[in-house]
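The sequence shown begins at 134 in this note's numbering and counts up one residue at a time. Note that the Cβ used here is the ideal one computed from N, Cα and C, for glycine as well. Quick caveat, the model's predicted, so the values are computed rather than measured. A short worksheet on the structure shown next.
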Amino acid sequence: MRFDVLTLFPEMFSGYVGQSLLRRAIDSGLVEVHIHNIRDWSPDKKHKKVDDRPYGGGPGMVLRVDCVVPCVEAVQAMTDQPGHLVMLTPQGRRLTQTVVRQLAGYPRLLLLCGRYEGFDERIRLLLAPDEISIGDYVLSGGETAAMVIMDAVSRLVPGVVGDPEGPQWDSFSEQMPGLEFAQYTRPREYRGLTVPSVLLSGDHARIAQWRQENSVERTRMRRADLFTPSGPPPTDSPPERQPPEQPGQATP
Ligand code: 6GU
Numbered sequence: 134m135r136f137d138v139l140t141l142f143p144e145m146f147s148g149y150v151g152q153s154l155l156r157r158a159i160d161s162g163l164v165e166v167h168i169h170n171i172r173d174w175s176p177d178k179k180h181k182k183v184d185d186r187p188y189g190g191g192p193g194m195v196l197r198v199d200c201v202v203p204c205v206e207a208v209q210a211m212t213d214q215p216g217h218l219v220m221l222t223p224q225g226r227r228l229t230q231t232v233v234r235q236l237a238g239y240p241r242l243l244l245l246c247g248r249y250e251g252f253d254e255r256i257r258l259l260l261a262p263d264e265i266s267i268g269d270y271v272l273s274g275g276e277t278a279a280m281v282i283m284d285a286v287s288r289l290v291p292g293v294v295g296d297p298e299g300p301q302w303d304s305f306s307e308q309m310p311g312l313e314f315a316q317y318t319r320p321r322e323y324r325g326l327t328v329p330s331v332l333l334s335g336d337h338a339r340i341a342q343w344r345q346e347n348s349v350e351r352t353r354m355r356r357a358d359l360f361t362p363s364g365p366p367p368t369d370s371p372p373e374r375q376p377p378e379q380p381g382q383a384t385p
């Protein structure tokens, strides 16, 4: 998996990319991360301006199309395959584990981070990016969202997470569609709180059953939105629509 990050703040990524999971994935050749400064493609050679005031007035600044489009095209041309272009924006489709799995299916992702009040609309029209939001709250830029995507996607690259069984059992994975069960380690007792005895029993069938029940109960209590007894509904397809009631039809 190759990530190309397009940003106005390349320094924000040095700490994250140097961090353990991603660092190890890069060191073992499973993941590549390339950071590009959008400013380097500014047509304004003197002041390297990348943004401007919005037509029609209003607060804030808008990212210029004549800066972002050449930057994306130049980065796409750096390898023989252009990659899948993701635009980080609160207006995008919501990131879920299903979307993470889709993204992990591409060999190369370009992550375009915005700042200011947003992108000139023509950037969308010309590049038709896959617009993604990481949730319904306001971030001051797409950079932290790009890090979220790199973290979640690189975990699904084969070999990145040590135990190949590991990530499948995380919350929201296919085998664990709800929340993960409660975990305990030593000591057996702390401030009067003890480890459930079934976990000490060595009876693997009973342990598996306890964990399954614990997972279902937690999901029901904490995330009723995910909960159906047979597993959660798919979250990334459009909601099922009820056929509109026929006027004048009597209900039996
Ligand atoms: Cl991807 N960008 C910004 N600026 N805000 C967000 C977001 C992205 N996702 C949620 N809020």
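Closer than 7 Å: residue i CB and nearest the ligand 6GU heavy atom
i      : result
Thr222 : yes
Gly193 : no
Ile256 : no
Val271 : yes
Ile267 : yes
Ala285 : no
Ala261 : no
Gly274 : yes
Ala207 : no
Ala278 : yes
Residues of its chain near residue i, where Cβ-Cβ distance is below 7 Å and the 5 sequence neighbours each way are ignored
i      : result
Lys440 : Outside the displayed range of the chain (134 to 385) lies residue 440, so it cannot be described from this structure.
Tyr249 : Asp184, Gly193, Met194, Val195, Leu196
Met145 : Glu276
Thr368 : Residue placement at Thr368 cannot be trusted, given a pLDDT of 49 that sits under 50; what the coordinates show is reported in the next sentence. Answer for Thr368: Thr229, Thr231, listed in chain order.
Leu260 : Val202, Val205, Leu218
Glu264 : Met220, Thr222, Gln224, Gly225, Arg226
Distance between beta carbons of residue j and residue i, contact taken as under 8 Å
i      : j      : result
Val195 : Asp184 : 6 Å
Ile171 : Leu141 : 5 Å
Leu289 : Ala237 : 4 Å
Leu139 : Val205 : 7 Å
Met134 : Pro240 : 7 Å
Leu221 : Leu242 : That belief does not hold up - the Cβ atoms of Leu221 and Leu242 are roughly 11 Å apart, past 8 Å.
Chain-order list of residues whose beta-carbon lies under 6 Å from that of residue i (same chain, five-residue window excluded)
i      : result
Arg374 : Low per-residue confidence applies at Arg374: pLDDT is 46, beneath 50, and the placement is therefore not dependable, though the value from the model is reported in the following sentence. Nothing listed; no residue qualifies.
Pro223 : Ser266
Ala315 : Asn347
Sequence-distant residues of its chain with Cβ nearer than 8 Å to residue i (five each side left out)
i      : result
Arg355 : Leu312
CB contact check: residue i to chain B, cutoff 8 Å
i      : result
Met280 : No chain B is present in this structure, which holds just one protein chain.
Do the stretch 270 to 288 and the stretch 219 to 236 make contact, defined as three or more Cβ pairs closer than 8 Å? Segments in contact, yes.
contact_flag[the stretch 284 to 296, the stretch 250 to 257] where n(CB pairs < 8 Å) is 3 or more: Counting Cβ pairs under 8 Å, fewer than three are found: no touch.
Is the stretch 143 to 159 touching the stretch 210 to 222 in the sense that three or more CB pairs, one from each, lie closer than 8 Å? In short, these stretches do not touch, since the Cβ pair count stays below three.
Those runs of the beta strand (DSSP E) which lie wholly inside the stretch 215 to 245 and span at least 3 residues: 217 to 227, all fully within the stretch 215 to 245.
Identify every run of the alpha helix (DSSP H) within the stretch 134 to 196, keeping only runs that are complete inside it and at least 4 residues long; order them along the chain. The alpha helix (DSSP H) runs lying completely inside the stretch 134 to 196 and spanning 4 residues or more are 145 to 150, 153 to 160, given in chain order.
I'd like the ranges of any beta strand (DSSP E) spanning at least 3 consecutive residues and lying wholly in the stretch 324 to 364. Within the stretch 324 to 364, not a single complete beta strand (DSSP E) segment reaches 3 residues in length.
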